[in-house]
Each structure stands twice: as structure tokens, then as C-alpha cells.
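Remarks on the structure that follows.
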Amino acid sequence: MLDIIAIFLCITAVLAYLNRRYVGLPPAIGVMGIALGLSLLNMASDALGFHSLHTLEQSLVESIDFSELLMEGMLSLLLFAGALHVDLSQLRAYRWQVASLAVVGTTVSTLFIGFGLWWLLSFTDLELPLAYCLVFGALISPTDPIAVMGILKSAGAPSSVELVISGESLFNDGVSVVLFSLILAMIASGDAPSVTGVSRLLLEEAGGGALLGAVVGYVTFRMLKSIDSYQEEVLITLAAVLGGYALATHLHVSGPLAMVVMGLIVGNHGRSYAMSEQTEKNLDMFWELIDEILNAVLFVLIGLEVILIHFTSPLIVTGLMVIVLTLFSRLLTVGVPIAILGQRFRLPEGSWSVLTWGGLRGGISVALALSLPPGDARDVVVGMTYLVVVFSILIQGMTIGKLVKRVIPCSGE
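Throughout the sequence shown, residue numbering follows full-length UniProt numbering, covering 1 to 413 in sequence.
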């Protein structure tokens, strides 16, 4: 296992260096693009009869359980690191906007994409049960701001737009995992869930996760407040994240929501009342490094994962239609409400287009797709998910900066 970790870290470091030295794209987009390009070249060389490198990459990627690595390991660290730097006072000012997009928007998006995909498949040679179409809707609905936040900052996007995008993405991860689990439970049981059953699961998963995050966050806050030594305080936060996520898994509550709530508590109350200036500086530096390193590894893995996916012409055609479907769903659930209620959302004119195009899909969608039980339905869902994620990161991610400059008067508020 140590050898595999070392190999992937070396690959990530080399690709990050090449991107910084020669390509110059935002880190997440750059390393994924290079990894994807190398994988495609490797697949082309395999088709020409040079099989050794293709076999090596395939065995290397197969040695990593991407779904388990992200959902049971990296996700807790990434969500905590993201929430740690969110200003709760600013988030509170936009709480209804974020809540409506993360909860209502994600739920409506799941249903719209699920039923829309089911309808689209009637025009293709692919078959997918309605339940799996809804599973796809749930796993493709959460957004990932990692690749886009740096671009928004450099483009001079208003802080309100950045806050809504980051706040929405922090919470819609948890919502989508709950919806995903609910639909999978429906598939396993073979019965349509009752309203009571759905409500109970939502309360247990979402409410329980938020409560656990608040409890662990408060305990962590009290421990940080009682000492003044940044080495131990950094260790306490790391232990709280890994231990809290493991506890959430055993209690069958939402680990992602627990990490977000805990990160908000430690990042705000902990920063204000429990940390010295030196501790705050070192804690921020530690979690920023964790965030950057894990994201680089994650996007390299996404780029390399293409070698395991068997693409057919019907799958590619359907995937292209699904890309349009997901963009239209984003427009319907986010863009239109903001365009109509722009003043109530207190966002600058033109924000609806940025929030629509800036809703990138990322690693959690790929991980959820790969966690499905083996079978033809899983292969179709994984292929479509990969096409949507790659399009959103490479195409949307590389053009969002120009869109911001074009449609929003960037006052740098």
C-alpha cells in the first residue's frame, strides 16, 4: 500500500510541476488535463500494439479503490478544510440563498436529471432502469468549487458570488449523499419508500450528521481553548476530523454534513476565541496544504481513471446529451431563480450565468458512481458521470473566468 501511495504522490508532484512550469493552468484543471492527456495517449499506443505502458497504468489504477479512498478518507479532510475558511457571519447573511440552492436545488436537480435521462434513453440504444436514472441524478447534482474558486478570485468576482458557490457546494455534497443512499435503499428493497421512511432517513442522516458535527466541533473548540501550543492544536483538529467521520459512519449519519458543521465551528468560534495568532497561522497553513495536496491527487486520479472505462458510441452520444441535460438542470434550479429573484438573493446582475456555468462537477460524483454494485447499469452510470465531470472541469473551468469578466461589473466588493 505504501508503494502505491508513493507512486501516486510522485506522479502528482511531477504533473503539478509540469503544469506550473510549462502549462500555467489552475492547479486542479492543469493536473487533471495532463493526466487525462497522458492516459489517452497511452490508450492510443495500446491500440497500435504497444501494450506494456497501458497494462502498467491499468494495474496501477485498479490497485486504488477510488470510491473508498475519497468517501472514507479524503472527503472528510477536504470538506473540513473548505468549511474552515468560510466566514460564518458572511455565510449567515446569505443563509437562505445557500440553503435553498443546496437543499431545494439539489433535490429538484436530482429529480429533473433522473426523469430527463430516462426520457432521453428512449432515443438511444442504451437501457437504464428509472431507479438508476435517479441514482445518476443524485450523484451528478452536487457541485465542486475547487477548480473554480481560484479563477473567480483572479477574475475579480464579487465576494457574494464566491460565498454562494462555496457555501452551496459544502452543503449539497451532504444532501446528495443522503438522496443517493435513499434511492439505493429503494433499489435494494424493491419497494418505493414511504413519506414516513424518507422523512426518518433524512432526519437520521442529515440531522444526525449536523448534530454530531456540532458536538465534535464544540468539544474540539473547548480543547483548543484550554491550551496554547499549535503543534497539539493542529493534531487535535486532524484527529477530530478523522475520528468524527469514522464515528459518523458507524452511527449511520451524514459524515459530510458533520465535517462541514465542525469546520464552521472550529474555523469561526475557534479562530475568534480559542487560537493565538501563531496557532491560527499554522493551522491555516496546515489545512491549506492538506487541501491543495489532496485535491491535486484527486484530480490526477480522475484523469487516470479514464483507462478503466469502456466507452462505446452509444455511451458517448448519450453522455453528450447528458452534459446538455445537466447544464439545463443547473440553469433551471439555480440560474432561473437567481435571475428572477436577483434582488432578493442580493447578488450582482449577471450572477445567474456565473452560478449556472460555475457549477462544476467533481470527485464526489465519480466516487459515488464507482460505489455502485457491479453490473451493466453501473458501467453506463460511471461512463456518463466521467464524461460530465471531465467536460465541467476542463471546459467550464477554463472559461468561467472570461464569463465573469464579461457579465459582472467586477467591483471587487
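All C-beta atoms, glycine included, are put in the ideal place defined by N, C-alpha and C.
Note that the structure is a prediction, hence the values are computed from the model and not measured.
Q: State buried or exposed for Thr196, treating a residue as buried only when at least 16 other CB atoms are found within 10 Å of its CB.
A: To locate residue 196, count along the sequence shown from 1; it is residue 196. With fewer than 16 other Cβ atoms within 10 Å, it is exposed.
**Q.** 8 Å Cβ cutoff met for Gly207 and Met262
**A.** Reading the sequence shown from its first residue, position 207 is the one you call residue 207. Reading the sequence shown from its first residue, position 262 is the one you call residue 262. The answer is no: Cβ separation not under 8 Å.
**Q.** Closest Cα partner of Leu60 within the set Val389, Ile11, His85
**A.** Indexing the sequence shown from 1 puts residue 60 at position 60. Comparing Cα positions, the closest option is Ile11.
Q: For Pro314, name the three-state secondary structure that DSSP assigns.
A: The sequence position of residue 314 within the sequence shown is 314, counting from 1. If DSSP states are grouped into helix, strand and coil, Pro314 belongs with the helices.
Q | Residue range of the unbroken alpha helix (DSSP H) whose run includes Ile393 | A | Reading the sequence shown from its first residue, position 393 is the one you call residue 393. Looking at the DSSP string, Ile393 is not in any alpha helix (DSSP H), and its letter there is neither H nor E.
Q | Endpoints, alpha helix (DSSP H) assigned at Thr237 | A | In the sequence shown, the residue the question calls residue 237 occupies position 237. Where Thr237 is concerned, the enclosing alpha helix (DSSP H) stretches over 230–251.
**Q.** Reference residue 475, options Gln231, Val390, Pro158, closest by Cα
**A.** Beyond the ends of the chain as shown, which are 1 and 413, falls residue 475; an answer cannot be given.
Q.
Quick check on DSSP: helix, strand or coil for Glu349?
A. Here residue 349 refers to the residue found at position 349 when the sequence shown is read from its first residue. Reduced to three states, the DSSP call for Glu349 is coil.
**Q.** Helix, strand or coil at Tyr94 [DSSP, three-state]
**A.** By one-based count along the sequence shown, residue 94 stands at place 94. Residue state, collapsed to three classes: coil.
Q.
Please return the same chain residues whose Cβ sits closer than 7 Å to the Cβ of Ser154, not counting the five positions on each side in sequence.
A. Here the question's residue 154 lines up with position 154 in the sequence shown. Closer than 7 Å at the Cβ level, and outside the excluded window around Ser154, lie Gly401.
(Q) Taking 7 Å as the cut-off, is the beta-carbon of Ala83 closer than that to any non-hydrogen atom of the ligand MG? (A) You won't find the ligand MG in this model; it holds no ligand whatsoever.
Q. Counting along the chain, where does the alpha helix (DSSP H) carrying residue 416 start and finish?
A. Within the shown structure, residues of the chain are numbered from 1 to 413, placing residue 416 beyond reach of any answer.
**Q.** Residue closest to Val234, alpha-carbon to alpha-carbon, out of Ala16, Arg20, Leu9, Ala81
**A.** Sequence index remark: in the sequence shown, residue 234 carries index 234 (1-based). It is Ala81.
Q: Please confirm whether Phe66 and Glu305 have their CB atoms less than 8 Å apart.
A: Residue 66 sits at position 66 when you count from the first residue of the sequence shown. Residue 305 sits at position 305 when you count from the first residue of the sequence shown. Yes.
Q) Does the segment 109–122 come close enough to the segment 318–335 to have 3 or more Cβ pairs within less than 8 Å? A) yes
Q | Under the three-state DSSP convention, the category Glu127 falls into | A | Against the sequence shown, residue 127 aligns to sequence position 127. Glu127 falls in the coil class under three-state DSSP.
Q: Could you pull out every residue in the same chain whose Cβ sits closer than 8 Å to the Cβ of Val135, ignoring the five residues on either side in sequence?
A: As a first step, residue 135 is located in the sequence shown; it is residue number 135 there, counting from the start. These residues qualify, in order along the chain: Gly114, Phe180, Ile183, Leu184, Ile187, Leu372, Val381.
Q | The alpha helix (DSSP H) enclosing Asp65, as first and last residue numbers | A | Residue numbering aside, residue 65 sits at position 65 when the sequence shown is read from its first letter. First-last for Asp65: undefined, no H or E at that position.
Q. Is Leu341 helix, strand or coil when you go by DSSP?
A. If you number the sequence shown from 1, residue 341 lands on position 341. Of the three classes helix, strand and coil, the one that applies to Leu341 here is coil, per DSSP.
Q) Hey, how far is the Cα of Asn19 from the Cα of Gly350? A) As a first step, residue 19 must be located in the sequence shown, where it is residue number 19. As a first step, residue 350 must be located in the sequence shown, where it is residue number 350. Roughly 32 Å between the two C-alpha positions.
(Q) Less than 8 Å between the beta carbons of Ile307 and Gln90, yes or no? (A) For the purposes of this step, residue 307 is identified with residue 307 of the sequence shown, where counting begins at 1. For the purposes of this step, residue 90 is identified with residue 90 of the sequence shown, where counting begins at 1. Cβ atoms of Ile307 and Gln90: not closer than 8 Å.
Q.
Assess contact between the segment 23–33 and the segment 277–289, defined as three or more Cβ pairs (one per stretch) separated by less than 8 Å. Is contact present?
A. no
**Q.** With 16 other Cβ atoms within 10 Å as the buried cut-off, status of Ala258
**A.** The count along the sequence shown starts at 1 and reaches residue 258 at position 258. It counts as buried.
Q: Check whether the Cβ atoms of Ala367 and Met32 sit closer than 8 Å, and answer yes or no.
A: The residue given as residue 367 occupies position 367 in the sequence shown. The residue given as residue 32 occupies position 32 in the sequence shown. Contact: no.
(Q) With the cut-off set at 8 Å, would you say Leu152 and Val161 are in Cβ contact? (A) Indexing the sequence shown from 1 puts residue 152 at position 152. Indexing the sequence shown from 1 puts residue 161 at position 161. Yes; because the gap between Cβ atoms is below 8 Å, this pair is in contact.
Q: Determine the direct distance from the alpha carbon of Gly37 to that of Ile5, and round the result to whole angstroms.
A: Walking along the sequence shown from the start, residue 5 turns up at place 5. Walking along the sequence shown from the start, residue 37 turns up at place 37. Looking at the two C-alpha atoms, the distance is approximately 22 Å.
Q.
Judging by CA-CA distance, which residue of Val216, Ile408, Val260, Met398 is the nearest neighbour of Glu168?
A. Position 168 of the sequence shown, counting from 1, holds the residue named residue 168. Considering only alpha carbons, the answer is Val260.
Q: Identify, in the order they occur along the chain, each residue of the same chain with its Cβ nearer than 6 Å to the Cβ of Cys133, setting aside the five sequence neighbours on each side.
A: Walking along the sequence shown from the start, residue 133 turns up at place 133. Answer for Cys133: Gly114, Leu117, Trp118, listed in chain order.
Q. In chain order, what residues of the same chain lie with their CB nearer than 6 Å to the CB of Thr124, ignoring the 5 residues before and after it?
A. Within the sequence shown, residue 124 is the residue found at index 124, counting from 1. Pro314, Thr318, listed in sequence order.
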